[in-house]
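Remarks on the structure that follows.
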Amino acid sequence: MNNPVGSPPPTIHVVDDDPVGIEAITRLVASMNIPTKSFDSAEAFLGYYNDQPGCVVSDHRLVGRTGLELQEELITRGFGIPVIIVTAFARTAMTVRAVKAGAVTVMDKPYSDDEMWQAIRSALGADRLYREMLLQQADVTARLGSLSDKERLVLERILSGKPNKTMANELEVSLRTIENRRRSIFTKLKVSSVAELVTLVLRFENSEIQQSNSAAALIGSAPES
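Under the working numbering, read the sequence shown as residues 2 to 226, first letter to last.
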């Protein structure tokens, strides 16, 4: 699974206070040639984690915080890493709460190796798409940040569909000045048409919404690679 250029390889973070549970996941993931790191509590994981790529496989019933509470705390801290919650005591209310909080899936025990394998593949795919989106958003943010205040005023009017002459009248500048600022905007934003400009801004706005919903929001788009 290829992660965005420059980012470290993904890791499966296993959180379980039962050594048998940790061993089962670790053994399965070893066949996928993906590194794992295990923790015996949610607190131990939270003390370690700093937005590394990958996914979390957490038992729900843990000493201290539950797997669901771990997921909710990750969201509170601004981390979008996908979480797979494993439980032998699944209830509809808990499952709904977990998914709303951003969990990729809630898996009932006992589960097959294939079920866990597929869940991990989907989670890693979602995490990869999420991090690619963040890189794209950072790039567009930098481009927009390069605009001067005067260019931003013109950009707002371009997005509103106003013609150059109207912009010149509203901003009390010459038509040539508007044309120069418009040309500079297109150059800085690396677009060649109004359609490309509008698409760029809309994608930026949509990516901000998706980021607030964590990587789980992208799970439906994640390819099974």
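Every residue gets a Cβ at the ideal spot worked out from N, C-alpha and C, and that includes glycine.
If you're wondering where the values come from, they're calculated on a predicted model, not measured in any experiment.
{"Item": "Quick one: Cα of Asp-19 to Cα of Pro-111, how far?", "Value": "15 angstroms"}
{"Item": "Would you mind giving the Cβ-Cβ distance between Gly-81 and Tyr-50, rounded to the nearest angstrom? I have them listed as a contact below 8 angstroms.", "Value": "In fact, because the Cβ distance is near 12 angstroms, the residues do not count as touching under 8 angstroms."}
{"Item": "So who's on the other strand from Gly-48, going by DSSP bridges?", "Value": "DSSP, once it has assigned bridges, lists no residue as partnering Gly-48."}
{"Item": "Flag this pair as yes or no: are the beta carbons of Arg-182 and Glu-152 separated by less than 8 angstroms?", "Value": "yes"}
{"Item": "Could you tell me which uninterrupted beta strand (DSSP E) segments, each at least 3 residues in length, are contained entirely in the segment 3 to 46, listed from first to last along the chain?", "Value": "12 to 16, 37 to 40"}
{"Item": "If you drop the 5 nearest sequence neighbours on each side, which residues of the same chain put their C-beta closer than 7 angstroms to that of Ser-8?", "Value": "Pro-54, Arg-132"}
{"Item": "Using only CA atoms, which one of Ile-179, Ile-13, Asn-34, Asp-17 lies nearest to Thr-88?", "Value": "Asp-17"}
{"Item": "Quickly, what does DSSP pair Met-108 with across the bridge? List them, please.", "Value": "Val-87"}
{"Item": "Starting from the Cα of Val-155, find the closest Cα among Phe-90, Ala-196, Arg-144, Val-174 and give me that residue.", "Value": "Val-174"}
{"Item": "Report yes if the C-beta distance between Ser-42 and Gly-65 is below 8 angstroms; otherwise report no.", "Value": "yes"}
{"Item": "Please report the straight-line C-alpha distance between Asp-109 and Ile-186, rounded to a whole angstrom.", "Value": "53 angstroms"}
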